[in-house]
Amino acid sequence: MRIKSVAVTAALLSAVTFAGVAQAQSVRGVSKSEILIGMHTDLSGVAASYGVSSSNAMRLEFDKANAAGGIHGRKIRLIVEDHQYQVPRAVQAANKLINRDKIFIMAAALGTPMNNAVFADQFKAGIPNINPVTAARSMVEPHHPLKFQTISSYYDHTRASIKYVMEKNGRKKLCTLYQDTDFGMEIFEAVKDQAKAMNIPVVETATNKPADSDFSAQITKLRAAGCDIVMLGAIVRDAILSYGTARKMGWTDVDFVSQSASFDQIVASAPGGATEGLYVGAGTVMPYRDTADATVAAWWDAYKAKYGNDPNIGAVYGTNTAQLIIAALDKAGKDLTTEGFLKALEGITGYRDIFGGPVINFGPQKHLGTNEVLLYQIQKGRFVQIAGPLKY
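The sequence shown begins at 322 in this note's numbering and counts up one residue at a time.
Given below as structure tokens:
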């Protein structure tokens with residue numbers, strides 16, 4: 322299987338190289354004065370808090386680079402299309418970016434199904450996908466020369482968090498509550514794999530639809546099974562509702578653990594302390610202004626001054642993506658090609674974002690920057706890091 326993977330990778334890179342040679346001075350999305358970067362995201366739908374903040378943060382970084390003269394004399398232009406967190410709209414938006422705008426790279430595209438639906442056409446056009454705003458394994462698996470992601474996956478977050486909390490808190494009866502979606506199934510697979518690795522059973526399972534508002538039946542089922550740790554395949558809303566339901570029902574002798582799809586300050590600051598004590602495994606750092614160092618404080622203030630509100634975790638993802646792209650473009654040199662950009666990315670090692678996240682190391686056959694996990698617990702309305710980096 323590895324021989325086949327290497328052969329496919331070599332063939333695809335050869336195709337990219339050939340395209341670069343054929344285009345010579347005409348690399349798509351690159352002119353003497355400009356580099357075009359595309360982004361399909363949610364600006365007006367259910368995940369707009371991520372899409373708006375991540376695109377704003379990227380624009381802030383690119384504007385700063387442009388004001389300093391650009392990258393090797395070229396200015397970066399970010400073209401953002403709203404898909405409203407809907408797959409058909411994502412396909413439509415990506416088609417515009419690929420075929421009409423002829424972008425050089427796609428960056429911080431939001432959503433697992435949206436990215437998956439776009440990949441075939443995007444990669445056929447030879448356009449790299451950089452740091453999508455999703456931690457699904459399909460963003461880097463199977464290996465592809467055009468897929469790059471810095472943060473660890475939902476799968477990593479789930480397994481590492483279960484292992485740590487069970488061992489640290491002496492838990493014995495593992496259960497799971499997860500969305501009945503592709504996202505939820507990734508969490509369930511990780512739960513089963515970690516249970517197998519620890520030679521324990523998954524005592525009970527329950528599922529929910531993304532739009533569910535009543536979790537009493539699921540929580541009653543899990544409680545009746547005697548679960549003492551429940552892994553959540555939840556995003557924002559269902560994490561708050563399921564955990565809050567358990568606490569309202571008086572079920573307190575149990576640990577609830579989630580992953581980075583719940584890593585949003587909206588979860589931590591739920592009214593009435595509804596999520597106090599929830600564990601969340603994630604792949605990056607959650608900054609706060611009053612505890613930030615000088616660099617992060619300056620970033621925070623610049624974002625707030627430009628956009629009128631505090632940055633959230635989406636802004637962290639956008640900032641990290643933009644700064645990584647700037648570093649790779651600078652390393653690729655003045656004679657910019659897709660092949661040169663890919664080689665520059667693959668040559669990035671020992672890289673750490675300004676927030677102090679895990680160290681990023683890429684390579685020719687390593688396009689996931691890290692699989693390290695940071696474990697948080699919600700305490701007094703904030704995410705407090707209690708462990709990490711973790712590996713399972």
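Every residue, glycine too, gets a C-beta built ideally from N, C-alpha and C.
Asked: Rounded straight-line distance, which links the Cα of GLY598 to that of PHE577; Found: 8 Å
Asked: Contact belief for SER473 with GLU693 at Cβ below 8 Å, rounded distance in angstroms; Found: 6 Å
Asked: Cβ neighbour criterion (16 or more within 10 Å) applied to ASP559; Found: buried
Asked: Validate contact between the stretch 606 to 617 and the stretch 497 to 504 using beta carbons, cut 8 Å, 3 pairs; Found: no
Asked: At least 3 beta-carbon pairs within less than 8 Å: the stretch 376 to 388 vs the stretch 448 to 465; Found: no
Asked: Nearest candidate by alpha-carbon position, reference CYS548, set ASN377, PHE444, MET487, PRO632; Found: MET487
Asked: Delimiting residues of the alpha helix (DSSP H) encompassing ILE521; Found: Note, ILE521: premise wrong, no alpha helix (DSSP H); not H, not E.
Asked: Limits of the unbroken beta strand (DSSP E) element including SER478; Found: The residue you asked about is not Ser; residue 478 is His in the sequence shown. Per DSSP, HIS478 belongs to no beta strand (DSSP E); it is in the alpha helix (DSSP H), 475 to 490.
Asked: Cβ contact check for the stretch 416 to 430 and the stretch 355 to 374: 3 or more pairs under 8 Å; Found: yes
Asked: Alpha-carbon spacing of ALA540 relative to TYR564, whole angstroms; Found: Note on residue identity: the sequence assigns Ile, not Ala, to residue 540. Cα-Cα distance, rounded: 9 Å.
Asked: According to DSSP, residues forming a beta bridge with LEU431; Found: VAL454
Asked: Cα-Cα separation between GLN686 and THR640, rounded to whole angstroms; Found: 25 Å
Asked: The stretch 480 to 494 in contact with the stretch 518 to 534 per 3-pair CB rule at 8 Å; Found: yes
Asked: Backbone secondary structure at GLY359 - three-state DSSP; Found: strand
Asked: Expected contact under 8 Å - CB spacing of GLU667 and PHE683 to nearest Å; Found: 5 Å
Asked: Runs of alpha helix (DSSP H) wholly within the stretch 574 to 641 (minimum 4 residues, chain order); Found: 586 to 589, 615 to 628
Asked: First and last residue of the uninterrupted alpha helix (DSSP H) at ASP559; Found: 558 to 569
Asked: Residue interval of the beta strand (DSSP E) (run including GLU402); Found: 396 to 403
Asked: Beta-carbon proximity of ALA411 to GLY432, cut-off 8 Å; Found: yes
Asked: Opening and closing residue of the beta strand (DSSP E) in which GLN700 lies; Found: 694 to 700
Asked: According to DSSP, residues forming a beta bridge with ALA708; Found: LEU696
Asked: Check whether ALA414 and ALA643 have beta carbons under 8 Å apart; Found: no
Asked: Euclidean distance between Cα positions of ALA546 and VAL524; Found: 7 Å
Asked: C-beta contact flag for ALA648 and ILE669 at 8 Å; Found: yes
Asked: MET552 beta carbon less than 8 Å from that of VAL588; Found: no
Asked: Inter-residue Cα distance where the pair is ARG703 and VAL617; Found: 17 Å
Asked: Residue burial classification, PRO449 (beta-carbon count within 10 angstroms, cutoff 16); Found: buried
Asked: Contacting residues, own chain, Cβ-Cβ under 6 Å from GLY505 (five flanking each side not counted); Found: TYR499, GLY554
Asked: Nonlocal neighbours in the same chain, by C-beta distance under 6 Å from ASN420, ignoring five residues either side; Found: none
Asked: Those residues which DSSP pairs with ILE392 across a bridge; Found: ARG395
Asked: Counted within 10 angstroms of its Cβ, other Cβ atoms place ARG673 as buried (16 or more) or exposed; Found: exposed
Asked: Cβ of GLN698 within 8 Å of any chain B Cβ; Found: In summary, chain B is missing from the structure at hand, where a single protein chain is found.
Asked: Of the listed residues ALA615, VAL367, GLN580, ALA441, nearest to LEU696 (C-alpha basis); Found: GLN580
Asked: Secondary structure of ALA527, DSSP reduced to three states; Found: strand
Asked: Buried/exposed call for VAL557, threshold 16 Cβ in 10 Å; Found: buried
Asked: Among ILE392, PRO409, SER375, nearest to VAL400 - alpha-carbon criterion; Found: First, the amino acid is wrong: residue 400 is Ile here, not Val. The residue with the shortest Cα to Cα distance from ILE400 is SER375.
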